[in-house]
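Below is one structure; the comments refer to it alone.
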Amino acid sequence: MNDDAKQDWPLYEIFIRAKSGLDHKHVGSLHATDARMALEHARDLYTRRQEGVSIWAVRSADIVASDPVDADAFFEPARDKIYRHPTFYDIPDEVKTL
Amino acid sequence: MYTQGLDSLGKDCLQDPARDGAALESRFQSRVDAEEKVEAKDWMPDAYRRTLIRQISQHAHSEIVGMLPEGNWITRAPSLLRKTILIAKVQDEGGHGAYLYSAAETLGVSRSELVDQLLEGKAKYSSIFNYPTPTWADVGAIGWLVDGAAIMNQIPLCRCSYGPYARAMVRICREESFHQRQGYEIMMRLSRGTDAQRRMAQAALDRWWWPSLMMFGPSDNESKHSAQSMRWKIKRFSNDELRQKFVDTTVPQADYLGLKVPDPELAWDEAAQHYRFGPIDWREFEQVLAGQGPCNRARLEARRRAHEDGRWVREAAAAHAAKQSAAGSRAA
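Those sequence lines, one after another, are chains X and L.
Under this note's numbering, the letters of the first sequence match residues 40 to 137, in that order.
Under this note's numbering, the letters of the second sequence match residues 77 to 408, in that order.
Take a look at the structure:
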């Protein structure tokens, strides 16, 4: 209400590694004035129950994303290359461990 | 903690096929029918977007205002353990608000706009938080009944067609179970305690039972927008279905406590395998939602005060960030 700075703080996307050996996974976003606040808020917001051992915070504005409108054309080249999947090849049952 | 008592959406949430283009619209609907999730940057009908912004932000506001009735007891919790539990629960509610505001923001609305709507009294939040918590037993009853009702409603929302909302709900539901169980445990302790404690538990059940049933929102034949929300798979079950489910699971829990549900018409219907319950006072619901509840004014005043009291912190943080970034660019 009547905030002088009407603008929200920058948005950060938060990625968390649940335990060593796993990838960081996107868990959500939050607003913070700077990187350090982003990490501290991410800890308070997304790891209240030991959900993680490591956090990445990335400015949302810095993420380059593909456009869903172009998704069909963009991903189309992979669609007809079914020979890239192992199930494309018929191998008799008697051949083992293949 | 929140349920769907708020789907009294405005006219702007009705569909307008002329504006949206029939072809896009029908393609969207078939994706939803096929249980595909809709993501933030996907095309969606304007009315779908507006419906979600409204529902998710009301849900977020409910979490934030929901911190107040229980926060009231943090300083007076009966033991250090109960105090730490209550702090953790209230912190969770704040976290739930934050997840939900983030989900709403993916639809193109800013956090500050949403917060302003709440503080200016323009936005709705769950009517339940406008009731007072005069005793410690109310904290137990809220966890047991209010969070219990919220879980009933929120579990289907985990499968909502809008991906960011559904994911926020998964996270929230994982945490709600703790809320409900700690509340029931408070009720268990009190109902096995002294006569005065039992009476306190019963009085809290008497206070919270009907408002909890109202949390599921108007009856199906009164709920204007349910059908569209169902078609869009934002909503999976009707208000009455969920309310019935809540009554069926909660009455035996009250029996276990040896407490009496304050409804003279409550009876088990063997044929239907459901509890039959008496009529709900919808006038009370309408009044509380319209701002005439026992605590509406106090809740908004508390939020406004908190926002004002926090202003210097926000300003200091912004000033610090600006200074750091200026120092950084000088160094570079």
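From the three backbone atoms N, C-alpha and C, an ideal C-beta is built for every residue, glycine too.
Between residue 69 of chain X and residue 53 of chain X, the C-beta spacing is below 8 Å.
Following the DSSP letters along the chain, one finds residue 97 of chain X inside the beta strand (DSSP E) bounded by residues 93-98. As the crow flies, the alpha-carbon of residue 397 of chain L is around 12 Å from that of residue 405 of chain L.
Around the beta-carbon of residue 297 of chain L, fewer than 16 other beta-carbon atoms lie within 10 Å, marking it exposed. A Cβ-Cβ contact shorter than 8 Å links residue 375 of chain L with residue 144 of chain L. Secondary structure at residue 69 of chain X: strand, using DSSP grouped into helix, strand and coil. For residue 248 of chain L, the uninterrupted alpha helix (DSSP H) segment begins and ends at 239-267. Taking a C-beta distance under 8 Å as the contact criterion, residue 204 of chain L and residue 287 of chain L qualify as a contact pair.
Contact of residue 63 of chain X with chain L is not assigned, every C-beta pair being separated by 8 Å or more.
In this structure, the CA atom of residue 360 of chain L is about 12 Å from the CA atom of residue 289 of chain L. Along the region 72-83 of chain X, the positions whose C-beta sits under 7 Å from a C-beta of chain L are 72, 73 and 76, read in chain order.
A direct Cα-Cα distance of roughly 38 Å separates residue 58 of chain X from residue 104 of chain L.
Excluding the 5 residues flanking it on each side, residue 182 of chain L has same chain C-beta neighbours closer than 8 Å at 116 and 240, in chain order.
In the DSSP assignment, residue 122 of chain X falls outside any beta strand (DSSP E), carrying neither H nor E. Residue-level contact by beta carbon fails for residue 382 of chain L and chain X, as no gap is shorter than 8 Å.
Taking 7 Å as the upper bound on Cβ-Cβ separation, chain X lies near residues 174, 175, 178, 186, 187 and 188 of the region 174-188 of chain L.
Taking 8 Å as the cut-off, the beta carbon of residue 341 of chain L is found no closer than this to the beta carbon of residue 322 of chain L. Restricting attention to L:170, L:403, L:304 and L:327, the CA atom closest to the CA of residue 83 of chain X is found in L:170. Across the structure, residue 227 of chain L and residue 244 of chain L are spaced so that their CA atoms are roughly 14 Å apart. Contact annotation: residue 285 of chain L and residue 338 of chain L have beta-carbon atoms nearer than 8 Å. Within a 10 Å sphere around the beta-carbon of residue 124 of chain X sit fewer than 16 other beta-carbons, which makes this residue exposed. Shown here, residue 387 of chain L sits in a helix according to DSSP, grouped into three states.
Not a single CB atom of chain X sits nearer than 8 Å to the CB of residue 122 of chain L.
Within the region 102-118 of chain L, the residues whose Cβ lies closer than 8 Å to any Cβ of chain X are, in chain order, 115, 117 and 118.
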